[in-house]
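Structure first, then comments.
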Amino acid sequence: MTVLADILTILLNGLQQGAIYVLLAVGLSIILGTLKFVNFAHGALYLIGAYLGLFITGQVPLSNGQFADWGIETYGIGLGFTAALILVPIIVFIIGILMERFVAQSFYDRPDTDQILVTFGLAVIVQELLRALLGGNSQPFPQPGWASGPIALPIIGNFPRWRLGVIAITAVLVMGVYALVEYTDFGLIVQAGTLDGEMVRLLGIRLSRPYLVVFGIGAALAGVAGVVGGPLANVNPNIGTEQLVPAFLTVVIGGVGKIEGAVVAGLMLGTLQVALIQTGYAAWSQVGIYALAAVVLLVRPQGLLGSEVDVA
Amino acid sequence: MTLLQTEQLTKQFGGLTAVDEVNMEVEQGEGVSLIGPNGAGKSTFINLVTRRLEPSHGDISFKGESIVGMDPHQVVQEGMSKSFQTASIFPELSVKENATIAALAAEHGSFRFNFFRHRNSYPAVDELADDVLRSVGLYGEREAQADSLDYGNKRRLELGIALAAEPDMLLMDEPTAGMSPDETQSTVDLIKRVKEELDLTFLLVEHDMEIVFDISDRIVVLNRGSVIAAGTPEEVQNDPAVQEAYLGGVEE
Numbered sequence: 058m059t060v061l062a063d064i065l066t067i068l069l070n071g072l073q074q075g076a077i078y079v080l081l082a083v084g085l086s087i088i089l090g091t092l093k094f095v096n097f098a099h100g101a102l103y104l105i106g107a108y109l110g111l112f113i114t115g116q117v118p119l120s121n122g123q124f125a126d127w128g129i130e131t132y133g134i135g136l137g138f139t140a141a142l143i144l145v146p147i148i149v150f151i152i153g154i155l156m157e158r159f160v161a162q163s164f165y166d167r168p169d170t171d172q173i174l175v176t177f178g179l180a181v182i183v184q185e186l187l188r189a190l191l192g193g194n195s196q197p198f199p200q201p202g203w204a205s206g207p208i209a210l211p212i213i214g215n216f217p218r219w220r221l222g223v224i225a226i227t228a229v230l231v232m233g234v235y236a237l238v239e240y241t242d243f244g245l246i247v248q249a250g251t252l253d254g255e256m257v258r259l260l261g262i263r264l265s266r267p268y269l270v271v272f273g274i275g276a277a278l279a280g281v282a283g284v285v286g287g288p289l290a291n292v293n294p295n296i297g298t299e300q301l302v303p304a305f306l307t308v309v310i311g312g313v314g315k316i317e318g319a320v321v322a323g324l325m326l327g328t329l330q331v332a333l334i335q336t337g338y339a340a341w342s343q344v345g346i347y348a349l350a351a352v353v354l355l356v357r358p359q360g361l362l363g364s365e366v367d368v369a
Numbered sequence: 622m623t624l625l626q627t628e629q630l631t632k633q634f635g636g637l638t639a640v641d642e643v644n645m646e647v648e649q650g651e652g653v654s655l656i657g658p659n660g661a662g663k664s665t666f667i668n669l670v671t672r673r674l675e676p677s678h679g680d681i682s683f684k685g686e687s688i689v690g691m692d693p694h695q696v697v698q699e700g701m702s703k704s705f706q707t708a709s710i711f712p713e714l715s716v717k718e719n720a721t722i723a724a725l726a727a728e729h730g731s732f733r734f735n736f737f738r739h740r741n742s743y744p745a746v747d748e749l750a751d752d753v754l755r756s757v758g759l760y761g762e763r764e765a766q767a768d769s770l771d772y773g774n775k776r777r778l779e780l781g782i783a784l785a786a787e788p789d790m791l792l793m794d795e796p797t798a799g800m801s802p803d804e805t806q807s808t809v810d811l812i813k814r815v816k817e818e819l820d821l822t823f824l825l826v827e828h829d830m831e832i833v834f835d836i837s838d839r840i841v842v843l844n845r846g847s848v849i850a851a852g853t854p855e856e857v858q859n860d861p862a863v864q865e866a867y868l869g870g871v872e873e
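Next comes the structure, spelled out in structure tokens:
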């Protein structure tokens with residue numbers, strides 16, 4: 058292994074780690090930027106995505122939890138990973154829409170603290186419900202057959218195929234969302250609504266439908282993150298909460314409501330974290346991402362790509 | 622046809638009667654100016670008409686239908702647009718995008734169908750946006766970021782946004798406030814031209830008498846909440862009550 062190979066490996070692993078942050082942060086950021094809604098349940102959507110992915114992919118043996126007590130021995134229908142990758146975003150999109158209608162909508166005009174309390178409460182309910190039903194132990198998540206094993210890359214040598222898959226899937230999805238926002242009527246209305254929702258309404262445009270879709274898209278991205286992130290680590294009821302903090306850091310570093318910002322910041326955080334871990338400073342990796350956030354926000358309080366005027 | 626009509630329209634703030642039993646009407650195709658010294662009740666009147674304030678009593682009808690009880694955005698959808706006193710544009714978007722949003726609002730306010738079509742693939746919206754930019758003279762700057770326009774052009778864009786809604790009546794609250802003499806003149810020319818081209822009906826609130834006499838078909842003079850004179854520019858100019866109210870020294 059050469060130094061160059063080490064650096065490239067760190068970069069690729071960083072991109073992959075960052076990709077998960079990006080998937081989470083893009084949704085969180087557009088929901089916060091457009092709807093001015095602070096969604097602490099965004100991690101729960103990731104969690105739901107992971108468990109749904111587990112359910113669709115394979116059959117997980119249950120050893121504890123309420124289901125096991127009831128004599129249900131396995132969890133899952135075993136349709137395979139590709140099915141999960143397609144079905145989970147659709148299901149979580151619908152969950153997101155229901156969440157907007159029945160939870161978020163009544164809190165748009167209320168203070169951030171109320172939004173945080175209700176969504177954090179929701180996240181805890183989802184987390185503890187899963188723990189009670191399925192047990193708290195970690196479940197391994199099978200890798201998709203078409204992307205398991207290593208791939209030989211120039212300079213680096215063998216690299217896990219699935220990690221490249223995560224980067225590719227993230228890139229496609231984020232470009233899709235970006236195109237939607239930049240090139241469609243829907244996107245233009247969403248951008249205008251982000252800048253001045255009151256004026257859009259005064260022009261006679263009803264924003265409730267575009268906002269519903271924004272929430273759904275944000276949720277679906279978090280769901281996908283749960284599926285693609287699943288094979289990289291074990292799945293347990295705590296992963297939603299664990300991912301929420303880096304996702305929020307990514308949003309504030311990148312600038313609220315900025316898709317490009319979420320991408321840059323997510324990749325920065327991922328790369329920094331991986332670099333610290335692979336160079337033997339694993340204990341500093343958490344400290345590192347907070348330090349990076351602090352430095353960026355000291356220099357640019359609105360985030361790297363944020364506008365001067367922003368949501369407080 | 623009478624577009625806007627108020628009957629005995631009154632607004633009291635505590636003991637102060639800001640608008641006092643005002644009867645006025647604006648006919649289709651007419652350019653009407655509302656003038657009066659400071660505190661005459663012009664702003665209150667406009668806020669009543671746009672439904673930002675609730676009348677104490679009296680009625681306002683638009684196109685023959687009472688609008689008392691409607692929300693401000695419903696009044697806009699009925700066909701009454703307002704060019705606002707503070708610049709109301711989306712500064713971070715391009716000039717064309719600003720016009721497109723207004724055109725979308727006019728064509729598809731509720732976004733029921735074709736949600737995800739490419740924003741330039743719907744010709745009616747695109748044409749309307751371009752037409753509006755041409756009529757306010759900003760077509761050449763359609764790619765510029767709205768924020769980078771000078772003050773006069775920002776106000777033009779704002780007028781364009783109001784026009785894109787294809788309003789039956791346009792309310793303009795001091796459209797030349799804060800403009801340089803050159804900008805003022807070009808805005809006045811613009812309003813005259815747009816009125817001619819689009820057969821626009823407008824209700825204008827303006828301090829500057831020169832502008833008012835220049836572009837109005839009819840002038841209504843308010844003083845202390847009441848209509849003290851109404852008529853053509855010549856009639857109003859020669860009305861002794863008006864001369865007294867103004868030359869009485871309240872304001873220019």
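Just so you know, the sequences run in chain order A and B.
With the first sequence counted from 1, adding 57 to any position gets you my numbering.
With the second sequence counted from 1, adding 621 to any position gets you my numbering.
Cβ atoms here follow ideal geometry from the backbone N, Cα and C, with glycine treated the same way.
None of the values given here were measured: they were computed from a predicted structure.
Length of the line joining the Cα atoms of residue i and residue j
i	j	result
A/D63	A/I213	7 Å
B/P693	A/Y347	46 Å
A/I173	A/S86	15 Å
B/R755	B/L792	21 Å
B/E628	B/R672	15 Å
A/V308	A/G275	13 Å
B/G660	B/S682	24 Å
A/H99	B/L821	50 Å
B/P854	B/K775	29 Å
B/S731	B/A783	Annotation note: pLDDT 46 at B/S731 (below 50); position unreliable, no value reported.
B/Q706	A/S265	Confidence in B/Q706 is poor, its pLDDT being 49 and thus under 50, which makes the residue's placement too unreliable to answer from.
A/G193	A/V223	26 Å
A/G244	B/G652	37 Å
B/L655	B/K663	7 Å
B/A767	B/N719	8 Å
Sheet register partners of residue i (DSSP bridge)
i	result
B/E646	B/Q626
B/T851	Just to set this straight, residue 851 of chain B is Ala in the shown sequence, not Thr. Looking at the DSSP assignment, B/A851 forms a beta bridge with B/V841.
A/I132	The question names Ile, but residue 132 of chain A is Tyr in the sequence shown. Paired residues: A/V117.
A/L210	A/G214
B/L655	B/V826 and B/V841
B/K632	B/V640
Pair within 8 Å by beta-carbon distance, residue i and residue j
i	j	result
A/F177	A/F97	yes
A/I154	A/L269	yes
A/A161	A/F94	yes
A/L104	A/I316	no
A/L260	A/V321	no
A/R220	A/G206	no
A/L306	A/A279	no
A/L333	A/S342	yes
B/V716	B/A765	yes
B/V757	B/L811	yes
B/V841	B/I667	no
A/L119	A/Y132	yes
B/M790	B/L824	yes
A/P146	A/V352	no
B/L759	B/R777	yes
A/I208	A/F216	yes
A/V149	A/A277	yes
Cβ neighbour criterion (16 or more within 10 Å) applied to residue i
i	result
A/Y165	exposed
B/F734	Model confidence at B/F734 stands at a pLDDT of 40, short of 50, so the residue's coordinates are unreliable; what they give is reported in the following sentence. Answer is exposed; the Cβ neighbour count stays below 16.
A/A76	buried
A/M232	exposed
A/R357	exposed
A/D171	exposed
A/G71	buried
A/Q73	buried
A/V331	buried
B/E872	Because the pLDDT of B/E872 is 47, which lies under 50, any placement of that residue in the model is unreliable, and the number read from its coordinates should be weighed accordingly. With fewer than 16 other Cβ atoms within 10 Å, it is exposed.
A/V302	exposed
A/N293	buried
B/E856	exposed
Integer Cβ distance of residue i from residue j, believed to fall under 8 Å
i	j	result
A/G314	A/L89	7 Å
B/T638	B/G846	5 Å
A/S195	A/N291	4 Å
B/G781	B/V809	Not quite, the Cβ-Cβ distance comes to about 16 Å (not below 8 Å), so this is no contact.
B/L630	B/G679	4 Å
A/T328	A/L68	6 Å
A/I246	B/I688	26 Å between Cβ atoms; not a contact.
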